[in-house]
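Residue numbers (the numbering used here), protein chains in the order written: chain A, 2 to 243; chain B, 236 to 283.
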Amino acid sequence: MRTPTDTKLTYLGIAAGGALAVAMGLVFFVAREATSAMGGHLQRIFYVHVPSAWLAYLSFAVVFVCSIAYLRTNARRWDLLAHAAAEIGVVFTSLVLITGPIWARPVWGTWWEWDARLTSTLVLWLTYVGYLFLRSLATDPGRGGRLAAVLGVVGFIDVPIVHYSVKWWRTLHPSGPTIADPTASSGLGGPELAAFFASLVAFTLLFAWLLAVRVRLGRLGDEVEALEIERHDHDPTAVGAT
Amino acid sequence: MSETAWTVVAFTAVAVGIGLYLASISLRRRNLSKRLAQAGARRRAGSR
């Protein structure tokens with residue numbers, strides 16, 4: 002039976018999908034091709050690479066805040082949110098680490114350089130992959146959640162390091178544009194800025210929808226676990242009891 | 236490979252990545268729903 006929450010989730014999903022379609026239309030049919038120094042047609046990768054990085058930052062910021070809240074209150078909802086956001090953050094950091102080298106190979110002539118931006122992003126990815134492993138391997142979910150929350154708080158230190166690495170160190174990675182200053186070092190005109198902001202909005206809506214869907218999955222998991230534990234308490238010999 | 240081909244690869248990778256994540260959520264949800272139904276059925280059978 003559909004609940005009001007299911008309906009809201011459906012509308013959010015439709016909004017995200019629609020926004021993505023509009024953004025991609027702007028990217029491919031409105032934004033002009035960049036100069037050859039920025040990679041020409043390849044520069045369009047920027048319209049998914051930068052929003053993916055934005056989503057990674059946003060996800061890990063949610064992990065940071067919710068991890069602190071969980072450590073303070075021990076309330077399950079914060080733990081659920083943090084776990085969901087960490088998973089989404091790892092997915093989008095993976096996409097950053099995939100789209101970046103795809104752009105770099107033809108432009109720099111190499112898939113990878115151990116420069117500050119790329120290396121710190123890889124460290125970020127490894128940290129939160131570690132977070133997810135910690136959660137999945139913990140035999141005591143409460144203890145695992147608390148340890149992961151500590152990692153979620155500490156790991157967030159790398160986010161500003163990733164972001165400011167292009168300013169603090171000499172890197173191959175292009176230094177602009179950023180979300181705070183989208184025209185910096187970019188040559189982005191009106192149509193390109195429209196495509197860029199449309200992509201950011203679309204990806205943000207996508208994040209909201211994915212987070213809601215993933216949290217709902219987490220709550221379902223809790224419900225199942227509670228029922229199976231209850232059954233085990235009543236009949237420990239039952240087949241299938243956990 | 237041409238610039239266009241690389242661009243297509245990148246966008247395809249993003250679409251596939253998001254699609255795979257959604258598929259994993261869907262599979263996990265299906266598995267949990269099955270376990271929920273089984274646990275619920277056993278609970279009802281046990282209470283009779």
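Just so it is clear, CB atoms sit at the ideal spot from N, CA and C, and this is done for glycine as well.
Can a CB atom of chain B be found closer than 8 Å to the CB of A/Thr6?
Within the first sequence, residue 6 of chain A is the residue found at index 5, counting from 1. At a cut-off of 8 Å, the C-beta of A/Thr6 has no neighbouring C-beta in chain B.
Could you give the distance in angstroms between the alpha-carbon of A/Val225 and the alpha-carbon of B/Arg277?
Locating residue 225 of chain A in the first sequence gives position 224, counting from the first residue. Locating residue 277 of chain B in the second sequence gives position 42, counting from the first residue. Straight-line spacing of the CA atoms in A/Val225 and B/Arg277 works out to 12 Å.
Sequence ranges, alpha helix (DSSP H) only - wholly within the segment 120-177 of chain A, length at least 4
Fully enclosed alpha helix (DSSP H) runs of 4 or longer: 142-156, 159-169.
Can you find the residues in the same chain that come closer than 8 Å, C-beta to C-beta, to B/Ile253, ignoring five residues on each side of it along the sequence?
As a first step, residue 253 of chain B is located in the second sequence; it is residue number 18 there, counting from the start. Leaving aside the five residues that flank B/Ile253 on each side, none in its chain has a CB nearer than 8 Å to its CB.
Checking 8 Å against the spacing of the C-beta atoms, do A/Val97 and A/Ser60 come in under that value?
Mapped onto the first sequence, residue 97 of chain A falls at position 96. Mapped onto the first sequence, residue 60 of chain A falls at position 59. In terms of Cβ geometry, A/Val97 and A/Ser60 do not form a close pair [threshold 8 Å].
Run the CB neighbour count on A/Thr243, radius 10 Å, all protein chains shown included, and call it buried at 16 or more, exposed below.
Position 242 of the first sequence holds residue 243 of chain A. Caution applies to A/Thr243, whose pLDDT of 42 falls short of 50 and renders its modelled position unreliable; the value that the coordinates give is listed next. Within a 10 Å sphere around the beta-carbon of A/Thr243 sit fewer than 16 other beta-carbons, which makes this residue exposed.
Between B/Leu267 and chain A, is there a C-beta pair that is closer than 8 Å?
As a position in the second sequence, residue 267 of chain B is number 32, starting the count at 1. Yes, its Cβ sits closer than 8 Å to a Cβ of chain A.
Buried or exposed: A/Arg128, going by 16 or more other Cβ atoms within 10 Å of its Cβ?
Against the first sequence, residue 128 of chain A aligns to sequence position 127. At residue 128 of chain A the sequence reads Thr, which differs from the Arg that was named. The residue in question, A/Thr128, is buried, as its Cβ has 16 or more Cβ neighbours within 10 Å.
Give a yes or no on whether the C-beta atoms belonging to A/Ala196 and A/Tyr48 are separated by under 8 Å.
Position 195 of the first sequence, counting from 1, holds the residue named residue 196 of chain A. Position 47 of the first sequence, counting from 1, holds the residue named residue 48 of chain A. Cβ distance < 8 Å, so A/Ala196 and A/Tyr48 count as in contact.
What residues from the segment 195-221 of chain A come within 7 Å of chain B, judged by C-beta to C-beta, listed N to C?
Listed in sequence order: Val214, Arg215, Leu218, Leu221.
So that I know if they touch, is there some Cβ in chain B lying closer than 8 Å to that of A/Arg77?
By 1-based counting over the first sequence, the position of residue 77 of chain A is 76. The C-beta of A/Arg77 comes no closer than 8 Å to any C-beta of chain B.
Against chain A, with Cβ distances strictly below 8 Å, would B/Gly254 count as a contact?
Stepping through the second sequence from its first residue, residue 254 of chain B is reached at position 19. Answer no: the Cβ-Cβ gap between B/Gly254 and chain A never drops below 8 Å.
What's the C-alpha gap between A/Phe93 and A/Gly18?
In the first sequence, residue 93 of chain A corresponds to position 92, counting from 1. In the first sequence, residue 18 of chain A corresponds to position 17, counting from 1. Looking at the two C-alpha atoms, the distance is approximately 17 Å.
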